[in-house]
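So the sequence shown is residues 0 to 212, counted in numbering that gives the first Met the number 0. Beta carbons: idealized from backbone N, C-alpha and C, even for Gly. For reference, the structure discussed in these notes is given below.
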Amino acid sequence: MTATTNQPNETRLDITVSASRVPRCSLMLQSGFQVRAQVGVSVRDLLCNQLELPSDYLDSRIQSVFLDSRPVDDMDRAIVEDGSVLALSGALPGLVGATMRRGGYYGCLRDSITYRPASANLVANPKSAAGTITIKLFNLVLKDLGPHFLSRGVLLPANAVEGFLRSQPGDIWDANSRFRINGELLAVSSPAQHPWPRLAGTLLLRVTADADD
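Written as structure tokens, this is what we have:
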């Protein structure tokens, strides 16, 4: 289950831009975003099997993982539930960074807040179900993974998306820029142009690079 199919009363916005502009669009994800997925599974299962992140990237580049504000050491035993907030970060600076690092030497210093599964049975016999989770990406992880999540589709508040699009300098949009709402191509090359529809509620947003760029 992914966030690529919009639900009833939910607007889908597809944006196509030049490949060089996609990283800038990732800034829309700075405050977090939501995805639909099968929950009741491990963090690793969610990220690798459902959201299609490479396992080696997960192990080598994501240094700190937080599930519902609790640092995670074992991604195979941390269970994601409906409504969970999952934060992913590269290396954090200083002693705090060393303490929060997944499986790090100083992890004992935050033992009281470290994530632990509610029961061993839950880990051994996970019960998956459809749900929605919030994902937050920090530092280099946002740069690396932002385009990946945008291409898959994310859920964001419409007012936040519209505010970001309208605030961007004109050079982000060019002849390759295209905007579709619920599959219908808009006759504009920039969100600042008329007629740009008023958006509300939750958007299913996808941003992809132009295939001919």
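E183 counts as exposed, since fewer than 16 other C-beta atoms from the protein chains shown sit within 10 angstroms of its C-beta. As a beta-bridge residue in DSSP terms, S63 pairs with S88. The three-state secondary structure of Q167, taken from DSSP, is coil. Across the structure, L28 and D110 are spaced so that their CA atoms are roughly 30 Å apart. When C-beta atoms of the region 35 to 42 are compared with those of the region 124 to 142, three or more pairs fall below 8 Å, so the two segments count as touching. Put simply, the backbone Cα of I171 is about 17 Å away from that of R179.
By the criterion of at least three beta-carbon pairs nearer than 8 Å, the region 133 to 142 is in contact with the region 80 to 94. Going by beta carbons, L202 and T10 fall inside the 7 Å limit. Of the other Cβ atoms in all chains shown, fewer than 16 fall within 10 Å of the Cβ of D55; this residue is therefore exposed. The residue from M74, L91 and S68 with its alpha-carbon nearest to that of G82 is S68. Separation of the CB atoms of T207 and S150 is rounded to 5 Å, and the pair is thereby assigned contact status at 8 Å. Its chain contains S63, V64, M99, R101, G106, R109, I112, T113 and Y114 as the residues whose beta carbon lies nearer than 8 Å to that of P70, once the 5 sequence neighbours on both sides are disregarded; these appear in chain order. Per DSSP, reduced to three states, the secondary structure at L185 is coil, with no helix or strand assignment.
Boundaries of the alpha helix (DSSP H) harbouring K142: N138 to R151, taken from the DSSP string.
Q33 carries a strand assignment under DSSP once its states are collapsed to helix, strand and coil. When rounded, the separation of the alpha-carbon atoms in P116 and A77 is 6 Å. Counting the other CB atoms within 10 Å of its CB gives R20 a total of 16 or more, which places it among the buried residues. A residue is called buried when at least 16 other Cβ atoms come within 10 angstroms of its Cβ; R197 does not meet this threshold and is exposed.
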